[in-house]
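Trainee: Numbering (this note's numbering), first residue to last: 6 to 169. The C-beta atom is built at its ideal place from N, Cα and C for all residues, glycine as well. Bear in mind the structure is a predicted one, so any value in this text is a computation, not a measurement.
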């Protein structure tokens, strides 16, 4: 409680709430947004700790209602947890990360399988190519041997004819 120039007690939190309340009403009308949304936004901007409202389940007579309200205002009664702006929970982040990994694996797995199959085919082609090169080399050697054999045969036949 503060005392102002007129020496009247002045409740600053109530005054701030009334100011925020009227500002939220006027802004919600001008911008066409809901009053509750504007009030919550202004309270968060000011940095007021927001507490969840827990409705009372039992009926009070008028005297007990006043006592209950005073006990809540002086924080004598039950304390409710302070509500802070929600940050994404770790479980949510882990779930998003897990989903991203699954999506990535589903997109990449077929490519990896295709690459593995292509690598196997490439190695088979290289093997065939080496076999063909060996066969070509052997066939050239065979051809050269045949040419040499034919040449030797011709030389011998010519020598025979010349000696005759």
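For residue 156 and residue 150, what's the separation of their Cα atoms in angstroms?
Mentor: Position 151 of the chain shown, counted from the first residue, corresponds to residue 156. Position 145 of the chain shown, counted from the first residue, corresponds to residue 150. Each residue's Cα considered, the two are about 10 Å apart.
Trainee: Look at the alpha carbon of residue 113 and the alpha carbon of residue 101, and state the distance between them as a whole number of angstroms.
Mentor: Along the chain shown, read from residue 1 onward, the residue named residue 113 stands at position 108. Along the chain shown, read from residue 1 onward, the residue named residue 101 stands at position 96. Cα to Cα, residue 113 sits roughly 18 Å from residue 101.
Trainee: How about residue 39 and residue 31: are their beta carbons less than 8 Å apart?
Mentor: As a first step, residue 39 is located in the chain shown; it is residue number 34 there, counting from the start. As a first step, residue 31 is located in the chain shown; it is residue number 26 there, counting from the start. Cβ atoms of residue 39 and residue 31: not closer than 8 Å.
Trainee: For residue 82, which three-state DSSP category applies?
Mentor: Counted from its first residue, the chain shown places residue 82 at position 77. In this prediction, residue 82 scores a pLDDT of 49, lower than 50, which makes its location untrustworthy; no coordinate-derived value is stated.
Trainee: What separation, rounded to the nearest whole angstrom, lies between the Cα atoms of residue 144 and residue 137?
Mentor: Reading the chain shown from its first residue, position 139 is the one you call residue 144. Reading the chain shown from its first residue, position 132 is the one you call residue 137. Their backbone Cα atoms lie some 10 Å apart in a straight line.
Trainee: In whole angstroms, what separates the C-alpha of residue 118 from that of residue 133?
Mentor: Counted from its first residue, the chain shown places residue 118 at position 113. Counted from its first residue, the chain shown places residue 133 at position 128. One C-alpha to the other measures close to 23 Å.
Trainee: Under the three-state reduction of DSSP, which class applies to residue 144: helix, strand or coil?
Mentor: By one-based count along the chain shown, residue 144 stands at place 139. If DSSP states are grouped into helix, strand and coil, residue 144 belongs with the helices.
Trainee: Pull up the distance between the alpha-carbon of residue 104 and that of residue 97, whole angstroms please.
Mentor: Along the chain shown, one-based indexing puts residue 104 at 99. Along the chain shown, one-based indexing puts residue 97 at 92. Approximately 10 Å, taken between the alpha carbons.
Trainee: Just how far apart, CA to CA, sit residue 115 and residue 141?
Mentor: For the purposes of this step, residue 115 is taken as the residue at position 110 of the chain shown. For the purposes of this step, residue 141 is taken as the residue at position 136 of the chain shown. C-alpha separation (whole angstroms): 38 Å.
Trainee: Can you give the Cα-Cα distance for residue 153 and residue 169, rounded to whole angstroms?
Mentor: Position 148 of the chain shown, counted from the start, is the residue given in the question as residue 153. Position 164 of the chain shown, counted from the start, is the residue given in the question as residue 169. The alpha-carbon atoms of residue 153 and residue 169 are separated by roughly 24 Å.
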